[in-house]
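The structure is reproduced here in structure tokens:
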């Protein structure tokens, strides 16, 4: 297929080529802070996302203590938060004597969900790895629009700052749930909700700028010979993800702006006539709006967003497992077809989040059907990855261990989602801890395991050094064990009817407090699981310390790589100098073969790089 490519000249032959991409290497700020180099921006996204990932995890640590030990002071963090955290709108402290109030629990819950999805996992998978790896894998010198790329990062950074600042304003952060349903989100008095909306508008703008850039880059800047079916699977995953962002985010940005106007301009896009406040008095709103409109607009993004989380992760896992097993990626074209189907069908399943809104049986049946259909390409992807391992000589590195663990963890997350796609089952499981368990198996031991695999895998290319494998394995096994200790019991709690978003961990509905109530009450066993889950969360926190130390220590003190291609990989990202210079390639590469030519019969070695022109006849 014909593609638009760069001229066949090196950067050394064109001293002004750097200026063409908007790079100025003379000043620290323009080189490392306000850089337009895709690799620097990728690292900026990565470090910022990991920082927000840490913040989001610390929030849930405080929440887990509150759920396990309601009314008891939070160790260490409680006294600190008491002095730095703003009071609520009534002037009451959110933290008193180190104890988290219900207001604090609600605010931490909102910000945990928002930070983890929009400020951590999505920017880490799509923006950080996408920015760094995609141009390298397609043989491009940079992104198509470097300055737009820079603007995308700084919109993301500004959105994160606005979100974080909301903790410290009077009234505290947003407290209407991470889905921000109206009329609660519109009428709640805290200004933190307004900050949340402003932050979301900035984050969505960042994603839209990035999506346009990725699509243009992949279409226009592929190296000579890099046809569509010679692109690595990770590039295809990023390509589909970019379209998901481009098509799904604008409705939510419009919805965010409308809800912002409802809050500050007294409009009523989402406020119906006859809204009652405290004391059963009708509130002075113009009315005429529809709260369900917000839900439709939110979930029209919300379900494609799941695949924005998972597709880059699956792309990374495909790259790592093929390399680790020394086998071609089985069903490469089938996997491409699967992600294309996933991308399309993800836009027609959103209302399975809304069965409790009273939709008709016919509408519910449609969305049940599409939900079952979308499970098929997911199964195809997992099956292809499992078959890739068949008869492979697997290298059990830390990266491959995390990638291997992704397969069963994502499988559990996907299979447990099927009952939620059926209206008759969802009526009972909706808003229970079953939903929490299902979603987190997809995102936590699912997507995050894949992202950690990607960090360990591409770390040598980014830094020229390796992370310590021993501490990497400690990190892996600890994370795998504690992840399951945290989330597996939540399925039992969900089946028992424990509702989410309760600041006391369900104590109000416990048989211990209500011995005369037997119907619908939570047993001692179910309540005790809160203690085990919280202990698992604290254990999870401890095993991240080796990773954090390993990550930063290895930048200067890790084992130096002795080759630009330490993994013996085939794709173009491993054919560059390490770390890649500005412009990536000393001379524009030319592609002669597919991305996964491992263990080719007749070849002298067990891999053939895409840039190698002399190939065995059987290749």
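Residue numbers (our numbering): 106 to 724. All C-beta atoms, glycine included, are put in the ideal place defined by N, C-alpha and C.
DSSP places residue 400 in the uninterrupted alpha helix (DSSP H) bounded by 396–430. Rounded to whole angstroms, residue 381 and residue 208 show a C-alpha spacing of 21 Å.
For residue 258, the closest alpha carbon among the candidates 138, 288 and 711 is that of 138. Taking all protein chains shown into account, residue 424 has 16 or more neighbouring C-beta atoms within 10 Å of its C-beta and is therefore buried. Looking only at 174, 576, 273 and 221, the smallest Cα-Cα distance to residue 154 is reached by 221.
Residue pairing by DSSP places residue 635 opposite no residue, since no beta bridge is assigned to it. At the C-beta level, residue 660 and residue 716 stay beyond 7 Å of one another. Taking C-alpha positions only, residue 576 is separated from residue 652 by approximately 7 Å. According to the DSSP assignment, residue 673 belongs to no alpha helix (DSSP H), since it is labelled neither H nor E. Counting C-beta pairs closer than 8 Å gives three or more between the region 408–416 and the region 225–235, which meets the contact rule.
Counting only residues of its own chain and dropping the five nearest sequence neighbours on each side, residue 321 has a CB closer than 6 Å to the CB of 249. Within the same chain, and ignoring the five residues on either side of residue 554 in sequence, the residues whose Cβ sits closer than 7 Å to its Cβ are 507, 510, 511 and 514. Residues of the same chain with a CB within less than 6 Å of the CB of residue 273, apart from the 5 flanking positions on each side, are 191 in chain order. Nearest to residue 251 by C-alpha distance, out of 144, 440 and 205, is 144. Under the three-state reduction of DSSP output, residue 661 falls in the helix class. Taken atom to atom, the span from the alpha-carbon of residue 417 to that of residue 442 is near 15 Å. Contact between residue 304 and residue 268 holds, since their C-beta atoms are separated by about 4 Å, short of 8 Å. DSSP, read as helix, strand or coil, puts residue 205 in strand.
Counted as a single uninterrupted DSSP element, the alpha helix (DSSP H) harbouring residue 539 occupies residues 538–547. Residue pairing by DSSP places residue 297 opposite 278 in a beta bridge. If you draw a 10 Å sphere on the C-beta of residue 195, you find fewer than 16 other C-beta atoms in it, and that means exposed.
In the structure shown, residue 198 falls within a strand segment according to DSSP collapsed to helix, strand and coil. Residue state for residue 615 is assigned as strand, using DSSP reduced to three classes. Between the region 476–487 and the region 446–456 there are three or more C-beta pairs closer than 8 Å, enough to call the two in contact. Between the region 308–327 and the region 350–364, the count of C-beta pairs closer than 8 Å reaches three or more; the two stretches touch. In this structure residue 193 is buried. Its beta-carbon is surrounded by 16 or more other beta-carbon atoms within 10 angstroms. Counting the other Cβ atoms within 10 Å of the Cβ of residue 551 gives 16 or more, which makes it buried. For residue 489, the enclosing alpha helix (DSSP H) covers residues 466–493.
At the C-beta level, residue 343 and residue 239 come within 7 Å of one another.
An exposed status is given to residue 620, since fewer than 16 other beta-carbon atoms sit within 10 Å of its beta-carbon. Counting along the chain, residue 346 sits inside the alpha helix (DSSP H) bounded by residues 338–369. For residue 291, the enclosing alpha helix (DSSP H) starts and ends at 289–292. Assignment of beta-bridge partners to residue 604 by DSSP yields 537. Relative to residue 684, the option among 176, 701 and 666 whose CA is nearest is 666. Residue 440 is positioned such that its CB atom lies closer than 7 Å to that of residue 486. Between the beta-carbon of residue 373 and that of residue 345 there is about 37 Å, and that puts the pair past the 8 Å contact cut.
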